[in-house]
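Chains as they are written, first to last, in our numbering: chain S, 192 to 450; chain D, 905 to 1164. Working notes, structure below.
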Amino acid sequence: MYALKVKNMGVKFKLSHMKETTLKGSFVRAVKRFFAHGSIKPVGEDVFWALRKISFIVNEGDSIGVIGHNGAGKSTLLQILSGIYKPDEGTVERRGRIGLLQLGTGFHPELSGRDNIFLNGVILGLKKKEIESLYDSIVEFSELERFIDMPIKNYSTGMAARLSFSIAINISPDILLIDEVLSVGDEHFKKKSRLKIDEIRSAGKTIVLVTHSLGEIRNICNRAICLNKGQVVFDGESQEAVNFYLSQVKKNEQKIVAK
Amino acid sequence: MLKKLLELYQYQELVKILVSRNLKVRYRNSVLGYAWTWLDPLMMMFIFILIFDVLFKSGIKHFPLYLLCGLIPWTFFQNTTGESVSSMTDNAGLIKRVYYPREIFPLTIMLTHGVTMSLSLMVLIPVVLAFGVPISAKILLFPIITIFFFLFTFGLSLIFATMNVFMRDIKHIVPLILKLWFYFTPIFYAAEKMMPERILDIYMFVNPLAVVLTLFRSMFMNYDVPKPIHIAFALVECLLLFLLGYVFFKKNEDLMIKRI
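Here it is as structure tokens:
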């Protein structure tokens, strides 16, 4: 049984869309183009494929690592898997409830920690009653009992990250997508998080982990995918994937030295 | 499209919690917080009474009531469309967290102001009675008229919110449009008293809000009902604007997420 099935998937962005545009700006640019080229249409190649021709299957209970250089498309991949972006080509199929864990949380700064737990729970697809039954364990895990009625805007970065982490793992999604957040909090909280992740894993849940820490890949994942420039360059056992990635890094270094 | 609307229905719990979140933030859990929402319409009312009733005789019966019956729905319309413009860009943090129908943001803004409007209209009823105006059975039309008014407001909000993602200066343009629209709408004047019939027909067709506000006055202060043809056109326009806005929003949704 697969949890995630990605087939020939690609997602593109337009470079001209990467900056904020305004009505005034678009108008001015169109006029400039008209005088320079005689046409108001943009010139030149504008499309950038963040990911292309990606195919892989994640089986239920698998823990998959995703590694690659900055800009290889790792975070975009997670956003595709979670359904935030729709692929421009190919398909993504999911089975089960998805939880996405990333820095820069979806909290409302004016509301208290308590209200934000409910807000996030509902966004992640839970009923109010379900959240009520999970509420105590979320607060307990985050160790924020004393601050839970304070507005989030008064939380420190670490406190907010701890709360967001507690929500994501206590809500027990079937597929947990993690974007570089296992290193939040102090040593004590990190250790606790690691134990919880192990617990989730042994409960047969699926994990997709994006990280730059090769140690985490080796410890948590049984399989890993190596991304480079939006394409899968390696897919296999996690230790082999790490070795492949390291050899790539070495090659790049040699190239730079040779130059 | 029906499927997508049904999907929205599945998220009613989220809509509920977001609306109560908005109300909470706005009113800070206090009765006095609600009183703030009256400040703006009341201030406008006193200014207009001074200008158009005391200085220039408007000749409209129960002028304060007439103003309030126009200002309360107008305030709802203006706040909803005005705040929805940047609803997609402001909520980027939540939008990029997990998938759910994104029209929820303009929708919750509208429902929040809808609650405020309904409260204000309830407060208005004793005032109407105090003026010696009887409450007529027309008030039973309130749910139907409100639904169409909501559809109109929602459609326009969706269009503004979508456009603002692609052109970030739309949020500066919308307040200007709303300001002009305010003067173009019969809030402190009575259109049917100052226009010849031919022009009134065109006016009511171009500005369905004029019809809606007149209907609110018929319901709450026993004012004359607009001509049936005016009502029919306005309701069709409300429905069309909603469909247009919804399709426009949904068509651009995926591209929007990439650009937030």
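C-beta atoms are modelled at their ideal positions from N, C-alpha and C, and glycine is treated no differently.
Kindly indicate the opening and closing residues of the beta strand (DSSP E) around residue i.
{"i": "phenylalanine 179/S", "result": "The requested residue 179/S does not occur in the structure, where chain S is confined to residues 192 to 450."}
{"i": "arginine 224/S", "result": "Per DSSP, arginine 224/S belongs to no beta strand (DSSP E); it is in the alpha helix (DSSP H), 214 to 228."}
{"i": "alanine 241/S", "result": "238 to 250"}
{"i": "glycine 281/S", "result": "280 to 285"}
{"i": "leucine 959/D", "result": "Looking at the DSSP string, leucine 959/D is not in any beta strand (DSSP E), and its letter there is neither H nor E."}
{"i": "isoleucine 1164/D", "result": "Note, isoleucine 1164/D: premise wrong, no beta strand (DSSP E); not H, not E."}
{"i": "serine 254/S", "result": "254 to 259"}
Between the Cα of residue i and those of the options, spot the shortest distance and give me the residue it belongs to.
{"i": "isoleucine 416/S", "options": "Arg288/S, Gly406/S, Ile258/S and Gln439/S", "result": "Ile258/S"}
{"i": "threonine 1089/D", "options": "Ala996/D, Glu1101/D, Trp978/D and Ile1063/D", "result": "Trp978/D"}
{"i": "alanine 1138/D", "options": "Leu954/D, Lys1000/D, Ala1114/D and Leu1147/D", "result": "Ala1114/D"}
{"i": "aspartate 1128/D", "options": "Ser924/D, Leu1159/D, Tyr970/D and Tyr913/D", "result": "Tyr970/D"}
{"i": "phenylalanine 451/S", "options": "Ile329/S, Gln422/S, Phe218/S and Glu431/S", "result": "What is shown of chain S runs 192 to 450, which leaves residue 451/S out entirely."}
{"i": "glutamine 916/D", "options": "Leu1011/D, Leu927/D, Lys961/D and Thr941/D", "result": "Leu1011/D"}
{"i": "arginine 451/S", "options": "Leu367/S, Ala351/S and Lys318/S", "result": "Because chain S is modelled from 192 through 450, residue 451/S falls outside the range shown and cannot be assessed."}
{"i": "leucine 242/S", "options": "Phe226/S, Ile329/S, Lys320/S and Pro278/S", "result": "Pro278/S"}
{"i": "isoleucine 869/D", "options": "Ser1061/D, Tyr938/D and Met1098/D", "result": "With chain D covering only 905 through 1164, there is no way to say anything about residue 869/D."}
{"i": "alanine 359/S", "options": "Glu301/S, Ala394/S, Gln293/S and Arg392/S", "result": "Gln293/S"}
{"i": "tyrosine 913/D", "options": "Ile1013/D, Thr984/D, Tyr1004/D and Ile1063/D", "result": "Tyr1004/D"}
{"i": "phenylalanine 981/D", "options": "Glu911/D, Ile1161/D, Leu1033/D and Met1014/D", "result": "Met1014/D"}
{"i": "glutamate 280/S", "options": "Lys198/S, Ser207/S and Asp327/S", "result": "Lys198/S"}
{"i": "aspartate 1158/D", "options": "Ser363/S, Val202/S and Phe425/S", "result": "Val202/S"}
{"i": "valine 283/S", "options": "Lys446/S, Leu317/S, Glu321/S and Phe247/S", "result": "Phe247/S"}
{"i": "alanine 351/S", "options": "Leu335/S, Ser363/S, Asp365/S and Pro364/S", "result": "Leu335/S"}
{"i": "leucine 317/S", "options": "Gly274/S, Asn345/S, Leu302/S and Ser363/S", "result": "Ser363/S"}
{"i": "arginine 385/S", "options": "Glu323/S, Met341/S, Phe332/S and Tyr193/S", "result": "Phe332/S"}
{"i": "leucine 1148/D", "options": "Phe1092/D, Val1116/D and Ile1063/D", "result": "Ile1063/D"}
{"i": "phenylalanine 1035/D", "options": "Val1002/D, His966/D and Phe952/D", "result": "His966/D"}
What first and last residue would you give for the alpha helix (DSSP H) that runs through residue i?
{"i": "aspartate 1128/D", "result": "No alpha helix (DSSP H) holds aspartate 1128/D; DSSP gives it neither H nor E."}
{"i": "valine 1019/D", "result": "1008 to 1034"}
{"i": "leucine 927/D", "result": "916 to 931"}
{"i": "arginine 1102/D", "result": "1101 to 1110"}
{"i": "methionine 905/D", "result": "No alpha helix (DSSP H) holds methionine 905/D; DSSP gives it neither H nor E."}
{"i": "alanine 432/S", "result": "429 to 449"}
{"i": "proline 968/D", "result": "967 to 988"}
{"i": "threonine 1089/D", "result": "Here threonine 1089/D belongs to no alpha helix (DSSP H), and DSSP marks it neither H nor E."}
{"i": "lysine 1178/D", "result": "Shown here, chain D extends from 905 to 1164; a query on residue 1178/D therefore has no answer."}
{"i": "leucine 998/D", "result": "996 to 999"}
Using a threshold of 8 Å, state whether the C-beta atoms of residue i and residue j are closer than that.
{"i": "valine 1069/D", "j": "isoleucine 1164/D", "result": "yes"}
{"i": "serine 429/S", "j": "glycine 264/S", "result": "no"}
{"i": "leucine 272/S", "j": "valine 448/S", "result": "no"}
{"i": "leucine 1104/D", "j": "alanine 1094/D", "result": "no"}
{"i": "threonine 348/S", "j": "aspartate 1073/D", "result": "no"}
{"i": "glutamine 339/S", "j": "glycine 312/S", "result": "Contrary to the premise, residue 339/S reads as isoleucine rather than glutamine in this sequence. Not in contact: isoleucine 339/S and glycine 312/S (Cβ atoms no closer than 8 Å)."}
{"i": "lysine 205/S", "j": "aspartate 253/S", "result": "no"}
{"i": "leucine 943/D", "j": "isoleucine 976/D", "result": "no"}
{"i": "lysine 908/D", "j": "lysine 1154/D", "result": "yes"}
{"i": "alanine 1041/D", "j": "valine 989/D", "result": "no"}
{"i": "isoleucine 1043/D", "j": "phenylalanine 1124/D", "result": "yes"}
{"i": "isoleucine 329/S", "j": "isoleucine 308/S", "result": "yes"}
{"i": "leucine 910/D", "j": "isoleucine 1008/D", "result": "no"}
{"i": "isoleucine 343/S", "j": "phenylalanine 298/S", "result": "yes"}
{"i": "threonine 1016/D", "j": "leucine 946/D", "result": "no"}
{"i": "isoleucine 1039/D", "j": "leucine 1045/D", "result": "no"}
{"i": "valine 1019/D", "j": "leucine 302/S", "result": "no"}
{"i": "valine 1078/D", "j": "glycine 986/D", "result": "yes"}
{"i": "proline 1112/D", "j": "phenylalanine 1056/D", "result": "yes"}
{"i": "proline 968/D", "j": "methionine 949/D", "result": "yes"}
{"i": "isoleucine 1091/D", "j": "leucine 1117/D", "result": "yes"}
{"i": "leucine 268/S", "j": "leucine 418/S", "result": "yes"}
{"i": "arginine 1001/D", "j": "methionine 992/D", "result": "no"}
Counting only beta-carbon atoms, is residue i nearer than 8 Å to chain A?
{"i": "aspartate 1158/D", "result": "No chain A appears in this structure, whose protein chains are S and D."}
**OP:** With 8 Å as the limit, tell me which residues of the stretch 1062 to 1080 of chain D have their beta carbon closer than that to any beta carbon of chain S; keep them in chain order.
**Re:** Phe1070, Met1071, Arg1072, Asp1073, Ile1074 and Ile1077
Subject >> Contact residues within the stretch 356 to 382 of chain S, judged by C-beta distance below 7 Å to chain D >> reply: none
Subject >> Residues of the stretch 214 to 225 of chain S whose Cβ lies closer than 7 Å to any Cβ of chain D, in chain order >> reply: Leu214, Lys215 and Ser217
Subject >> Segments of 3+ residues assigned as beta strand (DSSP E) that fall wholly inside the stretch 356 to 421 of chain S >> reply: 366 to 370, 397 to 401 and 414 to 419
Original post:
Of all the residues that make up the stretch 1001 to 1021 of chain D, which are near chain S by a beta-carbon distance shorter than 9 Å?
Top reply: Arg1001, Val1002, Tyr1003 and Tyr1004
Original post:
Which residues, in order along the stretch 911 to 932 of chain D, keep a beta-carbon less than 8 Å from a beta-carbon of chain S?
Top reply: Those would be Glu917, Leu918, Ile921, Leu922, Arg925, Lys928 and Val929, in chain order.
**OP:** Using a Cβ-Cβ cut-off of less than 8 Å, list which residues of the stretch 274 to 288 of chain S approach chain D; keep chain order.
**Re:** Listed by position, the residues of the stretch 274 to 288 of chain S near chain D (Cβ gap below 8 Å) are Gly274, Ile275, Tyr276 and Lys277.
**OP:** Kindly provide the ranges of any beta strand (DSSP E) runs that are 3 or more residues long and lie completely inside the stretch 1030 to 1082 of chain D, ordered along the chain.
**Re:** none
Subject >> beta strand (DSSP E) runs wholly inside the stretch 265 to 351 of chain S, at least 3 long, in chain order >> reply: The DSSP assignment places complete beta strand (DSSP E) segments of no fewer than 3 residues inside the stretch 265 to 351 of chain S at 280 to 285 and 289 to 293, in order along the chain.
Original post:
Just by C-beta distance, which residues in the stretch 986 to 999 of chain D are closer than 7 Å to chain S?
Top reply: Those residues of the stretch 986 to 999 of chain D that come within reach of chain S (Cβ to Cβ, closer than 7 Å) are Gly997 and Leu998.
**OP:** Compile a chain-ordered list of the residues in the stretch 315 to 337 of chain S whose CB is closer than 9 Å to at least one CB of chain D.
**Re:** Leu315, Gly316, Leu317, Lys318 and Lys319
**OP:** Residues of the stretch 383 to 404 of chain S with a CB closer than 7 Å to any CB of chain D: list them in chain order, please.
**Re:** Hits within the stretch: zero.
Original post:
According to a CB-to-CB cut-off of less than 8 Å, which residues of the stretch 1032 to 1049 of chain D neighbour chain S?
Top reply: none
Original post:
When you check each C-beta in the stretch 413 to 442 of chain S against every C-beta of chain D, which residues fall closer than 8 Å?
Top reply: none
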